[in-house]
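K.L.:
Handing you a structure now.
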Amino acid sequence: MVIAIDGPAGCGKSTIAKLIAKRLGFYFLNTGSFYRAVTYNHIQKGLDPRDKESVLKTAKETNITVVNGDICIDGKNVENLLHGPDVDLNASYVSSDPRVREIITSLVRSVASNMNIVTEGRDTTTVIFPNAEYKFYFDASPEIRAKRRINQHPEGQTYEEVLRDIIQRDENDRNKEVGALKISKDAIYIDTSYLTIEEVCEKVVSVMDK
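Shown next, in the form of structure tokens:
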């Protein structure tokens with residue numbers, strides 16, 4: 006069974022998807038982390054994340070595995086390194102190349118085969134798992150999402166900088182030629198702006214209990 010969740014950055018997808026997976030005994034798979042891993046690896050090489058040919062080369066060469074739910078590159082756990090400002094701002098550029106998306110989509114589907122999973126990202130309900138048994142779209146205002154990001158990562162950026170980056174990233178994600186952030190026609194829409202994590206989890210689980 007596949008439970009797929011889409012939505013913009015900072016709307017609570019990862020946290021809630023992890024809790025739902027734990028509650029149901031499913032495997033949590035974050036599709037966006039695979040693109041972030043390529044982005045992180047590319048930046049670590051000192052390369053330009055907007056240079057499509059060099060990004061494609063990095064995507065082909067990056068050995069991504071999942072160990073105990075964490076993303077690893079060449080066996081090294083990099084899960085906690087995938088949400089820095091540089092990765093946040095450039096992941097959407099990396100994921101905009103159809104050739105890179107083909108590589109990552111194939112990898113994600115391979116990981117998810119023959120498993121019960123909860124997965125989240127930008128196009129999990131529309132492209133990667135269009136036949137998922139359950140589809141959800143989480144949303145929240147940019148201001149709320151900026152506050153959440155500051156609370157999670159208080160060091161470094163100001164609220165204004167984070168808000169600006171989120172608005173720019175939303176624009177990038179919604180206007181991609183491939184894999185754009187869209188609401189699937191059969192997805193259940195949930196605004197998480199003023200809901201607790203537990204309240205959103207209950208909404209999701211209640212749909213599955215019907």
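According to this note's numbering, the sequence shown holds residues 6 to 215 in order. We put the beta carbon where it would ideally sit given N, CA and C, even for glycine.
#1: Give every residue of the same chain whose Cβ lies closer than 8 angstroms to the Cβ of Y164, excluding the five residues on either side of it in the sequence, and list them in chain order.
#2: Taking the alpha-carbon of S111 as reference, which of A96, V123 and T129 has the nearest alpha-carbon?
#3: Indicate whether D11 and Y142 have their beta-carbon atoms separated by less than 8 angstroms.
#4: Please report the distance separating the alpha-carbon of Y98 from that of C206.
#5: Take the Cβ of K81 as the centre, count every other Cβ of all protein chains shown within 10 Å, and call the residue buried at 16 or more, exposed below.
#6: Report yes if the CB atom of R216 is closer than 8 angstroms to the CB atom of L61, and no otherwise.
#7: Starting from the C-beta of N177, find all residues in its chain whose C-beta is less than 8 angstroms away, skip the five residues before and the five after it, and write them out in chain order.
#8: On the CB-based measure, 16 or more other CB atoms within 10 Å of its CB, does E66 come out buried or exposed?
#9: Compute the distance between the beta-carbons of R114 and G184, then report whether it is under 8 angstroms.
#10: So for N119, helix, strand or coil by DSSP?
#11: Compute the Euclidean distance between the alpha carbons of H47 and F39, then round it to the nearest angstrom.
#12: Taking all protein chains shown into account, decide if Y194 is buried (16 or more other Cβ within 10 angstroms of its Cβ) or exposed.
#13: Do you know how far the Cα of L186 is from the Cα of G51?
#14: V210 and I25: beta carbons closer than 8 angstroms?
#15: At 4 residues or longer, and completely inside the segment 150 to 179: list those alpha helix (DSSP H) runs for me, N to C.
#16: Between the Cα of T63 and the Cα atoms of V7, I108 and D144, which residue gives the shortest distance?
#17: Near T172, what residues of its chain come up, given a Cβ to Cβ distance below 6 angstroms and the 5 sequence neighbours on each side ignored?
#18: Please classify V72: is it buried, with 16 or more other beta-carbons within 10 angstroms of its beta-carbon, or exposed?
#19: Just to confirm, are T44 and V92 a CB contact at a threshold of 8 angstroms?
#20: Excluding sequence positions up to five away, which residues of its chain have a Cβ less than 6 angstroms from the Cβ of G74?
#21: Which of the three DSSP states is assigned to N73 in this structure?
P.N.:
This is what the structure holds:
#1: Cβ neighbours of Y164 beyond the five flanking positions: A151, K152 and I155.
#2: Ranked by Cα distance from S111, the first of A96, V123 and T129 is T129.
#3: With respect to the 8 angstroms criterion, D11 and Y142 are classified as neighbours on the basis of their beta carbons.
#4: If I take the Cα positions, the gap works out to 31 angstroms.
#5: Its Cβ having fewer than 16 others within 10 Å, K81 is exposed.
#6: There is no way to answer for residue 216, as the model of the chain reaches only from 6 to 215.
#7: Taken in chain order, the residues that qualify are S97, Y98 and S101.
#8: Result: exposed.
#9: 8 angstroms or more divides the Cβ of R114 from the Cβ of G184.
#10: Coil, per DSSP.
#11: One C-alpha to the other measures close to 12 angstroms.
#12: With fewer than 16 Cβ atoms within 10 Å of its Cβ, Y194 is classed as exposed.
#13: Going from the Cα of G51 to the Cα of L186 covers about 28 angstroms.
#14: In this structure, I25 lies closer than 8 angstroms to V210 by Cβ.
#15: Secondary structure remark: continuous alpha helix (DSSP H) runs of at least 4 residues inside the segment 150 to 179, in chain order: 164 to 179.
#16: Per the Cα distances, I108.
#17: Sequence check: residue 172 is Ile here, not Thr. Around I172: P147.
#18: By the Cβ neighbour-count rule, V72 is exposed, with fewer than 16 other Cβ atoms within 10 Å of its own.
#19: Yes. Within cutoff.
#20: Correct list, in chain order: F33.
#21: Under the three-state reduction of DSSP, N73 is assigned to coil, being neither helix nor strand.
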